[in-house]
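Novice: Sequential numbering of the sequence shown, starting at 3, is according to the working numbering.
No residue lacks a Cβ here, since even glycine has one placed at the ideal position from N, Cα and C.
None of these values were measured; they are calculated from a predicted model.
Just dropping this structure here.
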Amino acid sequence: SFADWTEKSKGLYIHGVKDIIAVASGKGGVGKSTTAVNLAVALANKCQLKVGLLDADVYGPSIPTMMKLHGKPETNQDLKMIPKENYGVKCMSMGFLVEEDAPIVWRGPMVMSALQKLAKGVDWAKLDVLVVDMPPGTGDAQLTISQQLQLSGAIIVSTPQDIALIDARKGAQMFSKVDVPILGIIENMNCFKCPHCGEASFIFGKEGARKAAAEMSLEHLGDIPIEIEIRKCSDEGIPVVVSSPDSVVSKIYYDVARRV
Ligand code: ADP
Numbered sequence: 003s004f005a006d007w008t009e010k011s012k013g014l015y016i017h018g019v020k021d022i023i024a025v026a027s028g029k030g031g032v033g034k035s036t037t038a039v040n041l042a043v044a045l046a047n048k049c050q051l052k053v054g055l056l057d058a059d060v061y062g063p064s065i066p067t068m069m070k071l072h073g074k075p076e077t078n079q080d081l082k083m084i085p086k087e088n089y090g091v092k093c094m095s096m097g098f099l100v101e102e103d104a105p106i107v108w109r110g111p112m113v114m115s116a117l118q119k120l121a122k123g124v125d126w127a128k129l130d131v132l133v134v135d136m137p138p139g140t141g142d143a144q145l146t147i148s149q150q151l152q153l154s155g156a157i158i159v160s161t162p163q164d165i166a167l168i169d170a171r172k173g174a175q176m177f178s179k180v181d182v183p184i185l186g187i188i189e190n191m192n193c194f195k196c197p198h199c200g201e202a203s204f205i206f207g208k209e210g211a212r213k214a215a216a217e218m219s220l221e222h223l224g225d226i227p228i229e230i231e232i233r234k235c236s237d238e239g240i241p242v243v244v245s246s247p248d249s250v251v252s253k254i255y256y257d258v259a260r261r262v
């Protein structure tokens, strides 16, 4: 129950890490991991910060693919795992620790012990910010993680679609329950611009996340369009802010990074 979690709220103190920012979503498939990756790389390369990326999406880790990092991490003399690094960001993911095609079936307590391993058992050295790619949803697991990791703040990613928004609202309530400030909402897959005529189509509805942010008095951090390039880059393991640093979408990610 919620009372049990608050009792255990001492949490995991991660040594050497100044701020921990969660990237969360009400449901899967809205672009949470894509946002977390591009934001982490933007924070490292544009804001000159020491950045880590923790893949807490233990159900379906996608950071290994998106950051092109694979294999078991090395350990230091204290038997702490050394994060794998690419594009200036130190990464740790459950995906490094399990076989790529092994099914990951986690019960509640297993999720917590997996996370403990990922958070405490890693030699992050000194970090200005640790970006956490949360598991999708706003249930018990997410609540526990938010509390245990002692987050400095959370970013909610949502598409403009109503159904996803209802969930994003739940997410906002969850973070306020555990006293984690919400830094704002990012509207992902906001529109599709025709590459031929330039006309924008609002495939998932118009400005849904912007309106929800206004309703909940939350910051609207930015709109990311649907772009083939973003999807391709994710699949190839080269984030769009690395492969096309001067593109319009990369500039949106930099802007969000500067604001958080
Ligand atoms: P989540 O973490 O919310 O489950 P992902 O970040 O894994 O979502 O994104 C789901 C899929 O959508 C991925 O294939 C990703 O490349 C793609 N995607 C995410 N955002 C965009 C976007 N703005 N434009 C095009 N494709 C996107």
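Quick check: does the Cβ of K70 come within less than 6 angstroms of any heavy atom belonging to the ligand ADP?
Specialist: Taking the first residue of the sequence shown as 1, we reach residue 70 at position 68. K70: no, Cβ never under 6 angstroms from the ligand ADP.
Novice: Could you tell me whether any non-hydrogen atom of the ligand ADP is closer than 6 angstroms to the CB of M136?
Specialist: For the purposes of this step, residue 136 is taken as residue 134 along the sequence shown, with counting starting at 1. No, the Cβ of M136 stays beyond 6 angstroms of every heavy atom of the ligand ADP.
Novice: How many angstroms separate the CA atom of L45 from the CA atom of A174?
Specialist: Sequence index remark: in the sequence shown, residue 45 carries index 43 (1-based). Sequence index remark: in the sequence shown, residue 174 carries index 172 (1-based). Approximately 23 angstroms, taken between the alpha carbons.
Novice: What does the alpha-carbon distance come out to for the pair E221 and A215?
Specialist: Residue numbering aside, residue 221 sits at position 219 when the sequence shown is read from its first letter. Residue numbering aside, residue 215 sits at position 213 when the sequence shown is read from its first letter. E221 and A215: Cα-Cα distance of roughly 6 angstroms.
Novice: Let me check understanding here. Comparing Cα to Cα, which of D142, Q150, L132, V100 lies closest to Q118?
Specialist: By 1-based counting over the sequence shown, the position of residue 118 is 116. Considering only alpha carbons, the answer is Q150.
Novice: Report buried or exposed for V32, applying the criterion of at least 16 other Cβ atoms within 10 angstroms of its Cβ.
Specialist: Along the sequence shown, one-based indexing puts residue 32 at 30. V32 comes out buried.
Novice: If I157 and V262 are in contact, beta carbons under 8 angstroms, what's the gap, nearest whole angstrom?
Specialist: Translated into positions along the sequence shown, residue 157 becomes position 155. Translated into positions along the sequence shown, residue 262 becomes position 260. At roughly 7 angstroms, the Cβ-Cβ gap stays under 8 angstroms, so I157 and V262 are in contact.
Novice: Starting from the N-terminal side, write out each stretch of the alpha helix (DSSP H) that is 4 residues or longer and does not extend beyond the segment 147-224.
Specialist: Complete alpha helix (DSSP H) runs here, min 4: 164-179, 210-217.
Novice: V19 and W126: beta carbons closer than 7 angstroms?
Specialist: Residue numbering aside, residue 19 sits at position 17 when the sequence shown is read from its first letter. Residue numbering aside, residue 126 sits at position 124 when the sequence shown is read from its first letter. Cβ atoms of V19 and W126: closer than 7 angstroms.
Novice: Taking the alpha-carbon positions, what's the D181 to N40 distance?
Specialist: In the sequence shown, counting from the first residue as 1, residue 181 sits at position 179. In the sequence shown, counting from the first residue as 1, residue 40 sits at position 38. Looking at the two C-alpha atoms, the distance is approximately 26 angstroms.
Novice: For M94, which residues from the same chain have a beta carbon less than 6 angstroms from its beta carbon, with the 5 sequence-adjacent residues on both sides left out?
Specialist: Here the question's residue 94 lines up with position 92 in the sequence shown. The residues are L56, P85, L120, V124.
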